[in-house]
Amino acid sequence: MFKRKKVSEPEENSKMTDQTQENQNQEEIREEIENVNEARVNEPEEIQEISETDKLKAEVAMLNDKYVRMYAEFDNYKRRTTKERVELLQTAGKDVIVSMLSVLDDFERANKAMESAVDVKPVKEGIELVHHKLLSLLSQKGLKPMESKGLAFDADIHEAITSIPSPTPDLKGKVIDEVEKGYLLNDKVIRFAKVIVGA
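Residue 199, in full-length UniProt numbering, is where the sequence shown stops; the numbers in between run on with no holes.
Here's what the structure looks like:
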């Protein structure tokens with residue numbers, strides 16, 4: 001039979017320490033693997049957190065830029081509209097004045113004609129024509145004369161100067177006479193008619 005080889009104690013101890021060392025090494029490797037796995041599991045969250053933060057920062061920067069641009073545009077718009085308003089106020093009546101220059105020319109011709117006129121009838125006709133031309137120009141611009149005589153007194157369009165006893169009962173509370181004609185511009189009162197009302 002085979003004889004069993006006798007192992008000395010130091011050899012046995014060294015085998016045991018080798019096994020223990022190997023176990024420790026395996027445990028360390030396991031721990032390292034677990035740490036790496038944990039790191040891998042946590043890594044996407046950290047990356048996600050970083051990317052979320054970067055996204056939010058980029059969005060804030062974009063919105064801030066948008067706000068600054070809009071504020072600048074609004075500031076330019078305010079300046080431009082203020083300038084346009086000033087220009088409009090300075091040249092508001094330009095259109096009307098230019099259209100009335102021809103009437104002014106007609107009046108100058110009428111004045112010259114009156115200096116050498118012997119007969120009044122043609123001069124009167126000329127002035128009536130100029131008056132008609134002026135009224136038609138103003139009506140093109142939206143001006144309308146008010147009709148007041150014989151109508152019921154209306155405080156929204158009439159200004160009563162005085163009241164007199166009405167000559168007939170049906171004129172009571174109505175406009176008997178018109179002292180100054182009233183005018184509407186685009187259906188808005190620009191001058192109240194000064195009237196005498198029957199009491």
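Glycine included, C-beta positions come from ideal geometry on N, C-alpha and C.
On a predicted model such as this, the values are computed, not experimentally measured, just so you know.
Let me check one thing: in DSSP terms, what residues is residue i bridge-paired to?
| i | result |
| --- | --- |
| Ser163 | Val197 |
| Pro145 | Tyr183 |
| Glu175 | The residue asked about is misnamed: residue 175 is Val in this sequence, not Glu. The partner list for Val175 (beta bridge, DSSP) reads Val197. |
Just to confirm, is the Cβ distance from residue i to residue j under 8 Å?
| i | j | result |
| --- | --- | --- |
| Ser166 | Gly198 | yes |
| Asp105 | Lys133 | no |
| Leu185 | Leu143 | yes |
| Ala160 | Glu178 | no |
| Tyr183 | Ile190 | yes |
| Val123 | Ala113 | yes |
Determine the DSSP secondary structure at residue i, reduced to helix, strand or coil.
| i | result |
| --- | --- |
| Ile157 | coil |
| Ala152 | strand |
| Val189 | strand |
| Thr53 | helix |
| residue 204 | Absent from the model: residue 204. The displayed extent of the chain is 1 to 199, so no value can be given. |
| Ser116 | coil |
| Gly126 | helix |
| Thr91 | coil |
| Arg40 | Interpretation of Arg40 is limited by its pLDDT of 49, a score under 50 that renders its predicted location unreliable; the figure taken from the coordinates is listed afterwards. Helix. |
| Thr168 | coil |
Round the Cβ separation of residue i and residue j to the nearest angstrom and send it over; I've been treating them as touching at under 8 Å.
| i | j | result |
| --- | --- | --- |
| Ile157 | Ile196 | Rounded, the Cβ-Cβ distance is 15 Å, inconsistent with contact. |
| Lys141 | Val96 | 6 Å |
| Leu151 | Lys181 | That belief does not hold up - the Cβ atoms of Leu151 and Lys181 are roughly 13 Å apart, past 8 Å. |
| Glu110 | Ile127 | Note on identity: in this sequence residue 110 is Ala, with Glu being the wrong assignment. About 6 Å; that satisfies the 8 Å criterion. |
| Val130 | Val103 | 6 Å |
| Leu137 | Met100 | 6 Å |
Smallest Cα separation from residue i: which of the options?
| i | options | result |
| --- | --- | --- |
| Thr162 | Asn76, Phe153 and Arg191 | Phe153 |
| Met146 | Lys188, Glu115, Ala117 and Pro169 | Lys188 |
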